[in-house]
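Sequential numbering from 1 applies to the sequence shown in the UniProt record's numbering.
No residue lacks a Cβ here, since even glycine has one placed at the ideal position from N, Cα and C.
The structure appears right after this line, and notes come after that.
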Amino acid sequence: MAAVSSASDTGDHRGRHPPERRLLILGGPRSGKTSSANTILGDEMFDAGIETTHSNVGQMEIYGRRVTVVDTPSWAIPTDHEDDEETDTDDNAGAESDSPARPPPSLDSEGPCMGAILCPPGPHAILLVVSITQPFGDRERRAADDQLGALGGGTWRYCMVLFTGVDQLPKGVFIEEHIANTGEALQWLVERCGSRYHAFDNNLKESEENTQVPELMEKVEEIVTDNQGWYFEVNELILLEEEQARRALEEERMRMEEHARQREQMIGGPPRELRLLLLGWKGVGKSSVGNSILGRRFFESGQETELCLRRQALVCGRRVTIVDTPGWDWFSVSRTPKRIRQESQRGAALLRPGPHTLLLVLPVVSSLTARKRRTLLAHIETLFGDNACLHTMVLFSCGDWLGHTPIEEHILRGGRELQRLLEYCGNYYHVLDSKTPGKDRSVSLLLDRIEEMIRENGDRAFLPIQTEWLSEESSYSSDNTEPEDDCRGCQLQ
Numbered sequence: 001m002a003a004v005s006s007a008s009d010t011g012d013h014r015g016r017h018p019p020e021r022r023l024l025i026l027g028g029p030r031s032g033k034t035s036s037a038n039t040i041l042g043d044e045m046f047d048a049g050i051e052t053t054h055s056n057v058g059q060m061e062i063y064g065r066r067v068t069v070v071d072t073p074s075w076a077i078p079t080d081h082e083d084d085e086e087t088d089t090d091d092n093a094g095a096e097s098d099s100p101a102r103p104p105p106s107l108d109s110e111g112p113c114m115g116a117i118l119c120p121p122g123p124h125a126i127l128l129v130v131s132i133t134q135p136f137g138d139r140e141r142r143a144a145d146d147q148l149g150a151l152g153g154g155t156w157r158y159c160m161v162l163f164t165g166v167d168q169l170p171k172g173v174f175i176e177e178h179i180a181n182t183g184e185a186l187q188w189l190v191e192r193c194g195s196r197y198h199a200f201d202n203n204l205k206e207s208e209e210n211t212q213v214p215e216l217m218e219k220v221e222e223i224v225t226d227n228q229g230w231y232f233e234v235n236e237l238i239l240l241e242e243e244q245a246r247r248a249l250e251e252e253r254m255r256m257e258e259h260a261r262q263r264e265q266m267i268g269g270p271p272r273e274l275r276l277l278l279l280g281w282k283g284v285g286k287s288s289v290g291n292s293i294l295g296r297r298f299f300e301s302g303q304e305t306e307l308c309l310r311r312q313a314l315v316c317g318r319r320v321t322i323v324d325t326p327g328w329d330w331f332s333v334s335r336t337p338k339r340i341r342q343e344s345q346r347g348a349a350l351l352r353p354g355p356h357t358l359l360l361v362l363p364v365v366s367s368l369t370a371r372k373r374r375t376l377l378a379h380i381e382t383l384f385g386d387n388a389c390l391h392t393m394v395l396f397s398c399g400d401w402l403g404h405t406p407i408e409e410h411i412l413r414g415g416r417e418l419q420r421l422l423e424y425c426g427n428y429y430h431v432l433d434s435k436t437p438g439k440d441r442s443v444s445l446l447l448d449r450i451e452e453m454i455r456e457n458g459d460r461a462f463l464p465i466q467t468e469w470l471s472e473e474s475s476y477s478s479d480n481t482e483p484e485d486d487c488r489g490c491q492l493q
């Protein structure tokens, strides 16, 4: 972003058009942006009775200047989990308290910063609209900071706070007193705008005594003068990238809401059952993965697992049962002790009538050679049979090591052996960050992926327990495994 000056913006009136001033209006829900835009233009150019979902532009000659005003959708207010207060959010109501609640944003709407593209080559002033009837706390402060940051650097010196609903102030109370009494967040906003602010009563009819618009335009001229006639040049490429990122997040939010809606429909019936067996080399983080999926520290991580341990929890509307198993040798089935191999089979037997998915845990930080791949597949086929591949999914652990690198790019870099392993598993894989148990939304995506595999397997939804898995003495199994209820009534079998 850059500040740019032009002859027409600095008072050169030799052109055929009057000098122009471009105003970009931003604000939160129920701030009164649309009503303020109409007040400035002196006409009902924008519909203040509906939610603004896309930026709109209006133009009018005012006091010898051609004034362009861009009204924008309201910016999103971040939600704190510890503060679940419902906030009515009509975008255009200003001081009115009986306006309809603003629905959640959808893919049909756009981000407020996209409005900057509609006043090329850029706005002379950015009006941040704040209603005195609405709270302005730390969440609103963060929202304003985020939106101005999305426009680019140097925006604050073009900003002014425009207060709406001043007719609701108690008699004898001026806007300065309201700023002082509201709190640090609002004072911060005014200071960031260089202590530039103005007050509007959008219900006040236009008359000779109504000087609020002329006074606003005088303050806009002061901003232009302070910036030596420059306007804020908009980088359209950056704004388009920001909008694409916003839409991607919105698509993900809508998808998650649809999954939640589908799960709510199951209320009143038994939760869906998923039975998962954790498998892999020694020291790959199977126990940590189990804790991440279940959202609690059920398995002791950081030390070698000697015995199978079964734990169960409700996760994302499913009853998830996980068995953690001892690790295999990295290079040879024969070097894996017989007791460990038997424990792996007994782990599957604890998931009666059989595990839906064998989660083969593979750290993203480890390289996969041909020998390691053959050893993994030999363990799976030797212990669980040739059909085990239909129920095996590669679960990449230590996902935080990837940073911003997509897992698909990591797979391509991993070489042919990693790709052959995934082909063996029907290209079923997922990546998990084990450092944030219960908080990683990828757990929900993992369960969705497992259910996709189950549907793909049709009448072979799980790997049936084999008689030989129950042979030998049972003293190796952990005393911490409670008796298992037979899960043959599960909906996913």
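7 angstroms CB neighbourhood of residue i in its chain, flanking five on each side removed
i: Ala144; result: Leu128 and Leu189
i: Arg460; result: Leu390
Residue i, enclosing beta strand (DSSP E) - first and last residue
i: Val315; result: Leu309 to Val315
i: Thr39; result: No beta strand (DSSP E) holds Thr39; the alpha helix (DSSP H) holding it covers Lys33 to Leu41.
i: Ser131; result: Ala125 to Ser131
i: Gly58; result: Asn56 to Ile62
i: Arg357; result: Residue 357 is actually Thr in this sequence, not Arg. Thr357 -> beta strand (DSSP E) spans Thr357 to Pro363.
i: Ile25; result: Glu20 to Gly27
i: Ile322; result: Arg318 to Asp324
i: Tyr429; result: Tyr429 to Val431
i: Thr68; result: Arg65 to Asp71
i: Met393; result: Thr392 to Ser397
i: Glu233; result: Trp230 to Glu233
C-beta neighbour in chain C for residue i, strict 7 angstroms
i: Pro363; result: Included in the structure is just one protein chain, with no chain C present.
Host alpha helix (DSSP H) of residue i (start-end)
i: Ser344; result: Lys338 to Ala349
i: Asn291; result: Lys286 to Leu294
i: Gly149; result: Asp138 to Leu151
i: residue 563; result: Past the boundaries of the shown model lies residue 563; the chain is included only from 1 to 493, so the question cannot be answered.
i: Phe384; result: Ala370 to Phe384
i: Glu304; result: Here Glu304 belongs to no alpha helix (DSSP H), and DSSP marks it neither H nor E.
i: Leu274; result: First-last for Leu274: Arg272 to Leu279, but that is the beta strand (DSSP E), not the alpha helix (DSSP H).
i: Glu215; result: Gln212 to Asp226
i: Glu417; result: Arg416 to Tyr424
i: Glu408; result: Ile407 to Arg413
Length of the line joining the Cα atoms of residue i and residue j
i: Glu20; j: Val315; result: 58 angstroms
i: Ile62; j: Thr211; result: 13 angstroms
i: Val130; j: Gly32; result: 8 angstroms
i: Ile126; j: His404; result: 33 angstroms
i: Leu422; j: Trp328; result: 19 angstroms
i: Ile392; j: Ile322; result: Looking at the sequence shown, residue 392 is not Ile but Thr. Taking the straight line joining both Cα atoms gives about 14 angstroms.
i: Thr357; j: Asp71; result: 52 angstroms
i: Phe396; j: Val333; result: 22 angstroms
i: Pro170; j: Glu177; result: 11 angstroms
i: Gly153; j: Glu408; result: 33 angstroms
i: Cys425; j: Arg373; result: 12 angstroms
i: Ala313; j: Arg441; result: 16 angstroms
i: Leu368; j: Leu360; result: 13 angstroms
i: Asn291; j: Gly285; result: 10 angstroms
i: Phe299; j: Leu362; result: 18 angstroms
i: Glu96; j: Gly58; result: Note that Glu96 scores a pLDDT of 38, beneath 50, so its modelled location is shaky and nothing firm can be said.
i: Arg416; j: Arg318; result: 35 angstroms
i: Leu186; j: Ala248; result: 31 angstroms
Spatial neighbours of residue i in its chain, beta-carbon cut-off 6 angstroms, leaving aside the 5 residues before and after
i: Val443; result: Ile293
i: Trp281; result: Gly327, Trp328 and Trp330
Neighbourhood of residue i by C-beta distance below 8 angstroms, restricted to the same chain and skipping five residues each side
i: Glu304; result: Lys282, Gly283, Pro326 and Gly327
i: Pro464; result: Pro353 and Gly354
i: Leu445; result: His430
So, does the stretch 271 to 291 touch the stretch 347 to 354, judging by three or more C-beta pairs under 8 angstroms? yes
For the stretch 159 to 197, list the beta strand (DSSP E) runs that are entirely contained and at least 3 residues long, ordered along the chain. 159 to 164
When you compare the stretch 145 to 157 with the stretch 192 to 207, are there three or more beta-carbon pairs, one atom per stretch, that lie closer than 8 angstroms? yes
So does the stretch 157 to 165 actually touch the stretch 112 to 121, counting three or more Cβ pairs closer than 8 angstroms? no
Contact the stretch 374 to 386 vs the stretch 443 to 457: 3+ CB pairs below 8 angstroms: no
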